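In terms of mature numbering (1 follows the signal peptide of the UniProt record, and there is no 0), the sequence shown is residues -20 to -1, 1 to 168.
Just so you know, even glycine gets a beta-carbon here, dropped at the ideal spot from N, CA and C.
No experiment lies behind these values; they were computed from the predicted model shown.
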Amino acid sequence: MVHVRHVLVLLRVLQTKFESLVVSVDPKATLFLLPGFRRIRVACSSLNAARQIRSHLHGTKLSGCTLRIYHANLGTDPPVCLSPCLVPPPAQRQYLISPPASPPVGWKQSPDPIPVINSDLICALVALSPGEAVELQPGTETTPRVLLHTCDGNGETEGKKSTDKEPRIVQTRRPGHPQPHAVSPSNL
């Protein structure tokens, strides 16, 4: 109930009068006086009793104060469906599916997999020496042999200077298009 005057809360005579109005409708009702909020909370024995109290006392004047009554919770009566459409089933879970704040009971972290290391490749890289070709992968009947040719790091090849003209790489012609221009490594 909203806006109950302090006089109603403080004066025992008016309290008993209001309590008698409520108890006349629901004898099992209990009243809780909340003077700081200027409210009186009434706990009814049933939903029907709460509806009767509201219909009898809502808008009633008591000592110059108009009573306004509201339902705090409406109970568990089945809802009345006025729509011809189907109603969705009640939700079983009222939370979003998200990772838990702490791991579930019995959860263990999976071990990280061991990285795949090709030891033959590492041994071949260690065996590299300048100016020699190194066989990284020996050839078989079904796979080709992989050789690595090293070069000097100063940008010059044997007998050629970096100022010589670079070889041109000719692009493969696309069908239906004119011949493209040759591309040199410096244009890339």
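- Where residue 20 is concerned, the enclosing beta strand (DSSP E) starts and stops at 19 to 23.
- C-alpha of residue 90 to C-alpha of residue 101: approximately 29 angstroms in a straight line.
- Between residue 33 and residue 2, the CB-CB gap stays under 7 angstroms.
- Secondary structure of residue 94 (DSSP, three-state): coil.
- Between residue -2 and residue 11, the C-beta spacing is below 7 angstroms.
- Per DSSP, residue 8 has no beta-bridge partner at all.
- Residue 113 is a Cβ neighbour of residue 129, given a cutoff of 7 angstroms.
- Taken through DSSP and simplified to helix, strand or coil, residue 152 comes out as coil.
- When beta bridges are read from the DSSP output, residue 117 appears opposite 126.
- When secondary structure is reduced to three states using DSSP, residue 105 falls in the helix class.
- C-alpha of residue 47 to C-alpha of residue 69: approximately 38 angstroms in a straight line.
- Here the alpha carbons of residue 155 and residue 148 stand approximately 21 angstroms from one another.
- With a cutoff of 7 angstroms on beta-carbon distance, residue 25 and residue 41 are scored as not near each other.
- With a cutoff of 7 angstroms on beta-carbon distance, residue 116 and residue 126 are scored as near each other.
- In this structure, residue 6 sits away from residue 23, with a CB-CB distance that is not shorter than 7 angstroms.
- The alpha-carbon of residue 4 is positioned some 16 angstroms away from that of residue 49.
- Under the three-state reduction of DSSP, residue 41 is assigned to strand.
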